[in-house]
Each structure stands twice: as structure tokens, then as C-alpha cells.
Amino acid sequence: MLGFLKNPIVVTAEINMNLVALTVIGLISRLWGLSYPRAVVFDEVYYGQFVSLYMKRIFFVDDSGPPFGHMLLALGGYLGGFDGNFLWNRIGAEYSTNVPVWSLRLLPALAGALCVPLSYQILVELQFSHCAALGAALVILLENSLITQSRFMLLESILIFFILLAVLSYLKFYNLQRHSSFSGSWWFWLLLTGVACSCAVGVKYMGLFTYMLLLTIAGIHFWHMIGDQNLSNVSLMCHFLARGLALVIVPVAMYLSFFYVHLTLLYRSGPHDQIMTSAFQASLEGGLARITQGQPLEVAYGSQITLRNVLGKPMQCWLHSHTNTYPIRYENGRGSSHQQQVTCYPFKDVNNWWIVKDPGTQQLVVSNPPRPVRHGHIVQLVHGITTRYLNTHDVAAPLSPHSQEVSCYIDYNISMPAQNLWRVEIVNRESDTDVWKTILSEVRFVHVNTSAVLKASGFLSGASLPEWGYRQLEVVGEKLSKGYHQSMAWNVEEHRYGKSQEQKEREVELHSPTQMDISKNLSFMAKFTELQWKILTLKNEDTEHKYSSSALDWITMDTNIAYWLHPTSGAQIHLLGNVVTWASANIAALVYACLSLWYLIRRRRKIYDIPEDAWQLWVSAGGICVGGWAVNYLPFFLMEKTLFLYHYLPALTFQILLIPIVLQHLGNHLCRSLLLKSMFSALVVAWFSSVYLVYRTFSPVTYGEPSLSVTELKDLRWKDSWNILIQKQ
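According to full-length UniProt numbering, the stretch in the sequence shown is residues 1 to 729, in order.
Written out as C-alpha cells, the structure reads:
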């Protein structure tokens with residue numbers, strides 16, 4: 001029974017020492033002296049704020065992209081025991097002792113280091129020689145810009161890691177397709193492709209470009225499978241469903257999971273939640289939730305409410321009125337109704353309170369039981385403090401003469417009767433009998449007499465009322481024929497059931513807290529949809545930055561970015577690439593394009609300069625490398641945003657992978673004699689030596705040490721457009 005113990009248990013393993021060596025060297029190059037400098041370096045001042053908010057569980061919105069990359073940076077802070085207490089307000093500020101600098105920079109550095117062995121494996125999977133793969137990895141290893149970007153609390157190295165992982169996973173899956181479909185390893189690499197694509201998109205939306213490229217390549221490969229007569233219809237359907245599951249459903253599910261974790265972690269109210277809807281704000285701990293906790297859910301006749309405009313940008317504001325009236329004549333000579341002003345006010349105020357009144361009664365309190373207001377009901381809105389009715393009429397608005405003035409009606413005993421009936425239309429209703437709900441319902445008020453819609457027009461015009469209107473935002477009656485806009489929708493934010501019929505008692509009541517307790521928690525999908533929409537549509541004003549550049553500057557590296565400068569020694573860190581590598585990458589792309597065009601023309605004439613398998617290898621490599629460069633670079637010409645040199649790094653990585661591909665192709669197919677091959681090999685060695693020498697030359701401004709003299713710094717300024725910092729003696 002125990003006979004198997006007579007022989008020793010032996011485990012054998014194949015270890016690629018190239019991979020091991022590249023991984024070790026990559027780790028050394030990225031992790032060496034990682035805590036230096038112990039000061040805020042360039043965009044660490046930006047990402048560090050979000051790390052601190054994660055540590056304190058405070059909600060934020062970053063319009064630059066999804067939250068996965070921020071969460072990875074925050075994970076580094078969490079592992080290092082960071083408490084979030086640091087003021088991220090200045091580049092170059094010294095980190096306090098409670099900031100775990102090494103931990104915060106660890107994950108970007110690890111990602112940058114692992115890009116080296118990933119590059120090696122990608123070329124191996126593309127069926128190129130181990131020598132070419134080793135060359136690609138070494139060039140990535142010695143690229144100064146990639147080293148600099150991976151050694152700080154920044155996201156580009158993490159993005160590039162997931163992009164390369166996605167490409168490698170798909171290539172491994174595709175190569176397994178030929179002989180082991182639906183095996184365990186086949187499924188592993190296919191699913192890992194989808195996971196890596198989702199992670200790339202979750203770090204930055206730039207990852208979407210590579211995801212679309214891989215989907216296109218997968219579609220082309222599947223199209224070729226359709227023409228394979230050896231595959232049955234059932235087999236084809238299984239292949240299609242497997243790819244749909246791994247490359248579409250899994251990435252979408254993972255993308256949603258990033259937001260789920262993000263929203264679960266950030267449950268506290270903070271400075272960024274004011275751009276969200278009242279419902280979203282009320283779901284956060286503190287802030288608006290503290291005010292609205294215990295409010296009645298259903299709006300009834302007699303309810304006391306504040307109405308917040310749904311648009312909420314560039315600022316939140318509430319429907320507001322005060323005792324002041326519109327001037328008899330405006331500055332341009334037009335006349336007004338001289339009635340009480342109605343505005344949109346960006347601060348909480350007692351004059352934001354309104355009472356929902358039934359036009360058929362004079363009662364301003366909630367009956368028992370309450371009579372809820374439903375979609376389509378007619379109401380009057382009574383201003384809580386002045387008791388005047390919300391009104392609009394055929395008088396031009398002060399700033400929008402093509403829209404109607406909105407006022408609180410004052411009876412001057414002239415031929416201008418009150419027109420104060422409004423129809424409640426619930427925009428996000430599920431049925432025509434829906435009840436108007438606090439926070440949750442987005443409501444449009446349609447004027448019964450003129451069919452105008454209550455609208456905060458100041459959001460769109462960007463203009464505020466003059467001094468007589470206290471610089472508040474204009475509210476108008478807008479004709480429905482002009483189309484729907486979010487500035488026409490309002491939601492009840494604060495709500496109580498009115499109990500006091502007397503005005504004096506009601507004013508006291510308007511200042512009192514609510515007491516009833518009804519939960520208004522949003523579902524995850526509702527919060528995700530709102531947050532995703534804010535990320536996509538909320539854009540900060542792009543201002544010209546000292547180190548901003550155009551996409552054309554990147555190819556020839558006519559620009560750089562000064563990341564950090566030591567206050568006394570003159571040591572500094574710059575985002576600068578390896579000049580030889582960047583020039584070689586451009587030449588390789590040009591050679592690839594010219595050779596491909598030449599081959600295509602010749603093949604059209606039935607002249608085949610290279611074997612068919614070499615041609616297929618050439619095309620597939622170009623699809624990955626040239627395609628990866630194009631999709632990660634060309635879209636920037638269409639973007640209206642402030643651009644920096646680091647935006648080019650994902651495209652550059654693909655272009656670098658093309659260098660050894662072109663070199664191997666030239667050596668195998670154009671250098672036919674032994675003499676030419678020897679000369680070509682010598683040139684490649686000389687070229688690689690120059691790559692290493694340039695890397696060493698610029699390593700002081702890549703790692704920030706040793707500090708250089710003024711003369712040495714001036715010698716590094718190889719281009720007049722480079723901004724090398726020279727401190728005055």
C-alpha cells in the first residue's frame with residue numbers, strides 16, 4: 001500500500017533564465033533609491049490628494065478617469081500605514097514622517113519593472129527570436145522616460161503594464177488556439193486578456209484604445225475562423241460565446257466592480273459631493289445626509305420644500321426669492337413687471353423654502369392623512385417667508401429677453417392678473433401615477449397659462465444678475481418647444497410637513513429641523529450611472545501649463561518636463577527620453593511602413609520577396625506594434641485638453657517593440673551575404689552601445705542623483721527646446 005514511497009518524489013521545472021534576469025534587473029532599475037527624493041514630485045501633488053481622501057473614506061470625483069488606478073495608489077498608502085494626513089499643495093514640499101514614501105511609490109515601480117519581462121515575452125509569442133525579444137526588453141529597460149515615470153506615485157507605468165499584459169495574454173491565447181482550444185490554459189489566457197483590458201481602462205481611459213485594438217484583432221481572427229470548413233457551426237458558436245464572455249462581459253463586470261469598491265470605500269461626505277445630485281449626497285455619511293435624515297419621502301399638499309436645480313454645474317443652486325423687486329426699467333431700457341425677484345441662489349438660505357399649495361384651498365399645512373402630489377397634478381408654489389406665489393407671464397426676462405420673466409406675484413391693481421398655476425411633471429417617473437418624492441424625483445414645472453417651463457438659465461448663459469439681483473443666477477420661463485435641458489429639472493432637497501397655518505409660527509417652523517425618518521438609499525447602479533456621467537462630462541478648465549506640449553512635439557521629443565528640483569544642490573529630475581531610442585523607434589516605424597508598401601505592391605504583381613510565413617509574421621507584428629502606436633497616439637490630435645509628454649509613453653512602448661522586429665527582418669531577409677550579416681550585427685551592437693551610453697549620460701536627471709554642476713547641466717541640453725533648470729549662483 002505504501003509502495004509509492006520507495007521512490008523519491010521528483011518535481012522538474014523549466015526556468016527561462018532570460019526572464020529571471022530581466023525581471024531582477026528591471027526591479028533594480030525601478031526600485032533603487034525609490035524613497036528619493038523625499039519630496040512631492042510633479043503630479044504626486046495631484047494623485048496624493050486622492051490617496052489621502054481614500055485613507056479618510058471621503059468621497060471625491062476625478063474627471064481624469066475611473067477609480068482603479070487611484071485605488072492601487074491608495075493600496076500602497078494603506079500597506080504603508082498612511083493615515084492620509086498630509087497637505088498636498090506644492091510640488092517640492094518635503095514629506096512629513098507619517099508619509100510612507102516608499103510604499104506609495106512601490107506599485108507604480110513594480111508595474112514599470114514588470115514591463116521589461118513582458119516586452120520580452122510579447123516578442124517571443126509573436127514568433128521572433130529570443131535575441132530580438134531580449135533586445136526589446138533591454139531597450140525598454142534603458143528607456144529613461146519610462147524609468148522616471150515608474151518611480152513616482154503616477155499612473156502611466158501601471159497603465160502600460162496592464163496594456164502589455166493584455167497584449168501578451170491575447171497572443172498566448174491565440175497561439176494555443178491551434179492545438180488546445182478550450183483547454184485550461186486556453187481559458188486562462190483568454191480570461192486574463194479581458195481582465196487586463198478592464199484594468200487598463202480602469203486606470204485611465206487611454207487603456208480603451210488598446211482594448212479596442214485587441215477587440216478588432218480578435219474579430220479579424222474570428223472572421224478567419226468562420227472560413228475554416230473543419231469547424232462545425234456548434235464549435236464556431238462556442239468560440240464566439242467564449243470570446244464574448246471573456247472580452248466583453250468580464251471586462252464590463254470588472255469595470256463595474258471598480259466603482260463598487262470605490263463607492264463602498266468612500267462613504268463620507270466631502271468637498272466634491274456638491275456636484276452630485278441631492279439623492280447621491282444624501283446617501284453619503286455627513287454633509288447633506290445630516291440635514292435630510294428623517295425627512296418625509298412623499299411630497300404632499302402643504303409640504304415645505306427647497307428646490308435644487310438638477311444640472312448642478314458650474315455650481316449647485318436652489319430656487320430662491322426675496323423681498324426685492326425687479327427694477328422698473330433695465331439698463332438697456334426694457335421694462336419689467338416690477339414684481340418680486342425669483343432667482344437661483346448657490347447657498348442654503350431660509351429664503352429657499354417654498355410651500356406646495358393646492359389651488360383649490362387656502363390651506364398651507366399638510367392634512368391628516370397627507371395628500372401626496374402626483375405626476376400631472378396642478379400646484380401653486382408659495383414662497384415661505386414672503387407668502388407670495390411663484391408666477392410667470394408674458395414679460396421678457398432680465399437677461400434672456402426671448403424667455404419669460406419669473407417672479408413672485410404682487411398685485412398692483414393693474415391689468416396684470418396672477419398666473420401662478422404649475423403642472424408637476426416627474427421626468428424620471430416609472431408611470432403616470434408616480435408620487436412626487438423627496439430627493440429621488442426630478443421634476444419639471446410647466447406653467448399652465450403659457451406652457452413655459454421653470455428653468456435656471458444662468459447655467460447656460462454664464463451670466464449672473466446685476467447688483468440689483470445680488471449677482472444671483474437668473475430663473476426664466478422657457479418654452480417647451482426649445483427642447484428639454486437638465487436646467488429645467490428640479491428636485492426636492494430639504495422637506496418637512498408644514499403644521500403651522502399662521503405666518504409667524506411658519507417662519508419659526510422653517511428654521512426648525514425635520515423629525516420623520518424615511519430612508520432614501522440609492523442603488524449601486526443609480527450611483528454608478530450618476531458618477532460615471534459626472535466623470536465623462538465634468539471637465540475642469542484646461543489652462544496652459546508651463547510644461548504642456550502638443551502631440552507633434554512628442555515624436556521628436558522637442559519637449560521635456562521638470563519633475564523636481566532640489567532647493568539647494570541643484571539636483572533635479574526630468575521626464576526626458578533616451579534620444580537614440582526615440583529616433584530609432586521613429587526610423588523603425590518609417591522602415592516598416594515603406595517595406596510594407598513595397599511588399600504589397602510587389603505581391604500585387606505576384607512577386608514574393610519573402611516567404612509566406614515571414615510575411616504573415618511581419619503583418620501580425622505590425623498589427624500589434626504599429627497598431628498599438630497609432631491607437632495610443634493619433635487620438636490626441638482630436639483631444640481638446642492640456643497635453644503632456646507622458647501621454648505619449650504608451651504609444652512609445654509599442655514603437656520600441658517594433659525596433660528589434662525591424663532589425664531581425666532586415667538581418668534575415670535583406671542581408672543575404674555573410675559579410676553583410678557581419679556588418680549588420682556590428683552596427684546593431686554599436687547602436688545598442690549608444691542606447692546604453694545615452695541612458696548613462698541622462699541617468700542623473702532620471703534618478704535625481706548625483707547632482708550636476710552648471711556646466712554639466714548645460715551639456716545635457718541637447719535641444720534648445722529642453723528646459724534644463726540652471727540655478728543662479
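All C-beta atoms in this analysis are idealised placements derived from N, C-alpha and C, irrespective of residue type, glycine included.
For residue i, the first and last residue of its enclosing beta strand (DSSP E)
| i | result |
| --- | --- |
| F321 | Before going further, note that residue 321 is Ser rather than Phe in the sequence given. Where S321 is concerned, the enclosing beta strand (DSSP E) stretches over 318-325. |
| T392 | 390-396 |
| H574 | 572-575 |
Residue i and residue j closer than 9 angstroms at C-beta
| i | j | result |
| --- | --- | --- |
| G376 | D411 | no |
| A593 | V626 | yes |
| I661 | L19 | no |
| N391 | Q472 | no |
| I328 | S321 | no |
| E705 | G92 | no |
| L319 | L307 | yes |
| L164 | T193 | no |
| K204 | L538 | no |
| A630 | A614 | no |
| L649 | E156 | yes |
| R30 | A137 | no |
| P67 | F82 | no |
| residue 743 | Y563 | A question about residue 743 goes unanswered here, because the residues of the chain that appear run from 1 up to 729. |
| P37 | H566 | yes |
Assumed close pair residue i, residue j - CB separation to whole angstroms, cut-off 8 angstroms
| i | j | result |
| --- | --- | --- |
| K479 | A456 | With a Cβ gap of about 16 angstroms, K479 and A456 do not count as contacting. |
| Y267 | L284 | 6 angstroms |
| residue 731 | Q281 | An answer regarding residue 731 cannot be provided, because it is not within the stretch 1 to 729 covered by the chain. |
| V446 | E425 | 6 angstroms |
| R423 | I385 | Incorrect: roughly 25 angstroms between the Cβ atoms, too far for contact. |
| L247 | A218 | 6 angstroms |
| S198 | P251 | 4 angstroms |
| I624 | L114 | Contact flag wrong, Cβ pair sits at about 19 angstroms. |
| Y703 | F644 | Not a contact, Cβ separation roughly 20 angstroms. |
Identity of the residues DSSP links to residue i by a beta bridge
| i | result |
| --- | --- |
| R374 | V435 |
| L565 | Q572 |
| V342 | S321 |
| G335 | R329 |
| L454 | G477 |
| W354 | I305, H383 |
| R496 | Q304 |
| R268 | I58, E285 |
| E94 | A39 |
| E298 | K437 |
Residue range of the unbroken alpha helix (DSSP H) whose run includes residue i
| i | result |
| --- | --- |
| V443 | From DSSP, V443 is part of no alpha helix (DSSP H) but of the beta strand (DSSP E) over 443-447. |
| K527 | 524-537 |
| A279 | 278-282 |
| I656 | 649-669 |
| E156 | 156-176 |
| N85 | Unbroken run through N85: none, as it is neither H nor E. |
| T216 | 207-226 |
| F636 | First-last for F636: undefined, no H or E at that position. |
| F188 | 184-203 |
Reduced DSSP secondary structure (H/G/I, E/B, other) of residue i
| i | result |
| --- | --- |
| V626 | helix |
| E474 | strand |
| L126 | coil |
| I15 | coil |
| C408 | strand |
| I426 | strand |
| I607 | coil |
| N309 | strand |
| N491 | strand |
| H383 | strand |
| L552 | helix |
| S64 | coil |
| A463 | coil |
| G112 | helix |
| K719 | coil |
| T702 | helix |
| R696 | helix |
| residue 763 | No answer is possible for residue 763: it lies beyond the span of the chain, which begins at 1 and ends at 729. |
| G80 | coil |
| I140 | helix |
| residue 736 | Absent from the structure is residue 736, since the part of the chain shown begins at 1 and ends at 729. |
Neighbour flag for residue i against chain C, beta carbons, 9 angstroms
| i | result |
| --- | --- |
| L552 | No chain C is present in this structure, which holds just one protein chain. |
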